[in-house]
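A.B. asks: Residue numbers (the working numbering): 638 to 1045. Glycine included, C-beta positions come from ideal geometry on N, C-alpha and C.
(1) In the DSSP assignment, find the beta strand (DSSP E) that holds residue 1019 and state where it starts and stops.
(2) In the DSSP output, which residue or residues are listed as bridge partners for residue 704?
(3) Just to confirm, are residue 1013 and residue 795 a CB contact at a threshold of 8 Å?
(4) For the alpha helix (DSSP H) that contains residue 1071, what are its first and last residues?
(5) Does the Cβ of residue 723 have 16 or more other Cβ atoms within 10 Å, making it buried, or fewer, making it exposed?
(6) Thinking just about the alpha-carbon of each residue, which of 664, 729, 696 is nearest to the one in residue 1018?
(7) Can you name the start and end residues of the beta strand (DSSP E) that residue 863 belongs to?
(8) Thinking C-alpha only, which one of 737, 659, 933, 669 is nearest residue 642?
(9) Just list the residues that DSSP pairs residue 774 with in beta bridges.
(10) Whole-angstrom Cβ separation of residue 652 and residue 682, contact assumed at under 8 Å?
(11) Using 8 Å as the threshold, is the region 820–830 in touch with the region 988–1005, meaning 3 or more CB pairs across them?
(12) Given this structure, state the Cα-to-Cα distance separating residue 889 from residue 767, to the nearest angstrom.
(13) From residue 831 to residue 1040, what does the alpha carbon distance come to, in whole angstroms?
(14) In chain order, what are the residue ranges of uninterrupted beta strand (DSSP E) at least 3 long that sit wholly in the region 722–749?
(15) I need the boundaries of the alpha helix (DSSP H) containing residue 661, first residue and last residue.
(16) Can the beta-carbon of residue 883 be found closer than 8 Å to that of residue 848?
(17) Can you give, in chain order, each stretch of the alpha helix (DSSP H) that sits fully within the region 941–996 and has at least 4 residues?
(18) Along the chain, which unbroken stretches of the alpha helix (DSSP H) at least 4 residues long are found entirely within the region 806–840?
(19) What is the rounded straight-line gap between the Cα of residue 894 and the Cα of residue 812?
(20) Taking only the alpha-carbon atoms, compute the straight-line gap between residue 662 and residue 1037 and give it to the nearest angstrom.
(21) Contact between the region 927–942 and the region 961–975: three or more CB pairs below 8 Å?
(22) Can you tell me whether residue 737 is buried or exposed? The criterion is at least 16 other CB atoms within 10 Å of its CB, across all chains shown.
(23) Determine which residues share a DSSP beta bridge with residue 643 and list them.
(24) Report the residue from 720, 897, 979 whose alpha carbon sits nearest the alpha carbon of residue 825.
(25) Can you tell me which residues form a DSSP beta bridge with residue 846?
(26) Could you round the C-beta distance between residue 920 and residue 953 to whole angstroms and report it? I think they count as a contact, below 8 Å.
(27) Below 8 Å on the Cβ atoms is my guess for residue 986 versus residue 711; work out the distance and round it to an integer in Å.
(28) Can you give me the Cβ contacts of residue 729 inside the same chain, cut-off strictly under 6 Å, excluding the 5 residues immediately before and after it?
(29) Can residue 805 and residue 739 be called in contact, C-beta distance under 8 Å?
(30) With DSSP run on the structure shown, which of helix, strand or coil describes residue 687?
(31) Counting along the chain, where does the beta strand (DSSP E) carrying residue 908 start and finish?
(32) If you follow the beta strand (DSSP E) that residue 875 is part of, which residue opens it and which one closes it?
(33) Going by beta carbon distance, what residues of the same chain come within less than 6 Å of residue 655, once the five residues before and after it are set aside?
(34) Spatial neighbours of residue 861 within its chain, please: CB distance less than 7 Å, with the 5 preceding and 5 following residues excluded, ordered by chain position.
(35) Where does residue 892 sit, in a helix, a strand or coil, going by DSSP?
(36) So residue 989 and residue 798 are in contact, right, with Cβ under 8 Å, and what is the actual spacing, rounded?
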């Protein structure tokens, strides 16, 4: 069996793993090895932000996260700003009006290249096509095996990601490795994903988008509210605002609804007056033209059908009561939460190793010398660069602390 001796081994060559490797090297660890199961590191980075890599956000607050948010306070002041970290790697960034930060090139490859260049110039060893089958705690550190190679390390950082987007390398092995070393794992479910609903409610709207306020409701109680563009897909609601609801929606499957206000800039009275005025102006036209101009024609037709208004009527024949029903549908159209889409469509994993099982240096409280970072921990952010920000910062913090501990 081939033997690799290293001071710090990092399981996972994604966002948090590469940041951890760079930090470990910067803080004095002269022998860092990254173990990556895919054929190359950083494959998932290339898919983020529709290929542009929304690497952080300038408006981050703790309120943008769910799960064990106390983990945010464990981040080292040395990486208080992810943009500064990437600037130190030679990457030029820019932000859009919403604070979302991208590489100036608008290409995710620029982000991965900056990380790879830094790793290579620091002498960090990368071993790809390495799927960890076992990790064992020893008197002097850890032994990591894949059946053919044995890696002996004084410190180990598990940065193996979650279960979202398994085609890009995240299939949940990291959780099992943590369990084998004494950790527990909270319930795991896909998030930043479409929310599945009753097919018949969205069938005629497939492919359409509407601006809306989306509210998750259960038992008459508002759970969360997000605003943005909602996309109707095959049996599901999608779009960034739905993605941001999905983590909480997963807790209310068959016990919650998403209410869409598809006229968010108008009050119900304003909308009523607008529709009534349009009905008078288009009195001789078929009623299916009533909402044309407010909504895409197919959206308007779906609302008329749901309101029970026959298409045989003209706009002038629509009653005030029918207009009120249309207004109610526009301001509060309900879609039961049936499920959250599967792991293949999810961007992140909700759940993970609880904060109670790591120190404020992100070191395991179950196995000394083991550090955890990134998606494997129980913390999740919303869309817009928040999850990658956590990946860089937690990875850097874990790598720094692992390296410093070698000289203690």
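C.D. replies: In short, the structure shows the following:
(1) Counting along the chain, residue 1019 falls outside any beta strand (DSSP E), and DSSP gives it neither H nor E.
(2) When beta bridges are read from the DSSP output, residue 704 appears opposite 1016.
(3) Residue 1013 is a Cβ neighbour of residue 795, given a cutoff of 8 Å.
(4) Because the chain is modelled from 638 through 1045, residue 1071 falls outside the range shown and cannot be assessed.
(5) With 16 or more Cβ atoms within 10 Å of its Cβ, residue 723 is classed as buried.
(6) When each option's Cα is compared against that of residue 1018, the closest is 696.
(7) That run of the beta strand (DSSP E) goes 858–870.
(8) Comparing Cα-Cα distances from residue 642 to each of 737, 659, 933, 669, the minimum goes to 669.
(9) Beta-bridge partners of residue 774 (DSSP): 779.
(10) Residue 652 to residue 682, Cβ: 6 Å. Contact.
(11) With the cut-off at 8 Å, the region 820–830 and the region 988–1005 touch.
(12) Their backbone Cα atoms lie some 38 Å apart in a straight line.
(13) In a straight line, the C-alpha of residue 831 is about 40 Å away from that of residue 1040.
(14) Taking 3 residues as the minimum length, the beta strand (DSSP E) runs contained wholly in the region 722–749 are 730–732, 737–740, in order along the chain.
(15) 652–663 is the span of the alpha helix (DSSP H), which, as asked, contains residue 661.
(16) Not a contact, by the Cβ cut-off of 8 Å.
(17) Taking only runs of at least 4 residues, the alpha helix (DSSP H) segments lying wholly in the region 941–996 are 957–968.
(18) Runs of alpha helix (DSSP H) with 4 or more residues, each lying fully within the region 806–840, are found at 810–817, 836–839, listed in chain order.
(19) So the alpha carbons of these two residues sit roughly 31 Å apart.
(20) If you take the alpha carbons of residue 662 and residue 1037, they lie about 8 Å apart.
(21) Result yes; three or more Cβ-Cβ pairs closer than 8 Å.
(22) In the assembly as shown, residue 737 is a buried residue. Its beta-carbon has 16 or more other beta-carbons within 10 Å.
(23) In the DSSP output, where bridge partners are listed per residue, residue 643 has 790.
(24) Out of 720, 897, 979, 979 has the C-alpha closest to the C-alpha of residue 825.
(25) Paired residues: 868.
(26) Yes, they are in contact, since the Cβ atoms of residue 920 and residue 953 sit about 3 Å apart, within 8 Å.
(27) The beta carbons of residue 986 and residue 711 sit about 19 Å from each other, so the pair does not count as a contact at 8 Å.
(28) Result list for residue 729: 741, in chain order.
(29) Result no, Cβ atoms of residue 805 and residue 739 do not sit closer than 8 Å.
(30) Here residue 687 sits in helix by DSSP.
(31) Where residue 908 is concerned, there is no enclosing beta strand (DSSP E), although the alpha helix (DSSP H) it sits in stretches over 905–918.
(32) Element bounds for residue 875: 873–875.
(33) Sequence-distant Cβ neighbours of residue 655 in its own chain, meaning closer than 6 Å and more than five residues away, are 752.
(34) The beta carbon of residue 861 is closer than 7 Å to those of 853, 882, 885 in its chain, skipping five residues each way along the sequence.
(35) Residue 892 falls in the coil class under three-state DSSP.
(36) Their Cβ separation, rounded to whole angstroms, is 10 Å, which puts residue 989 and residue 798 out of contact at 8 Å.
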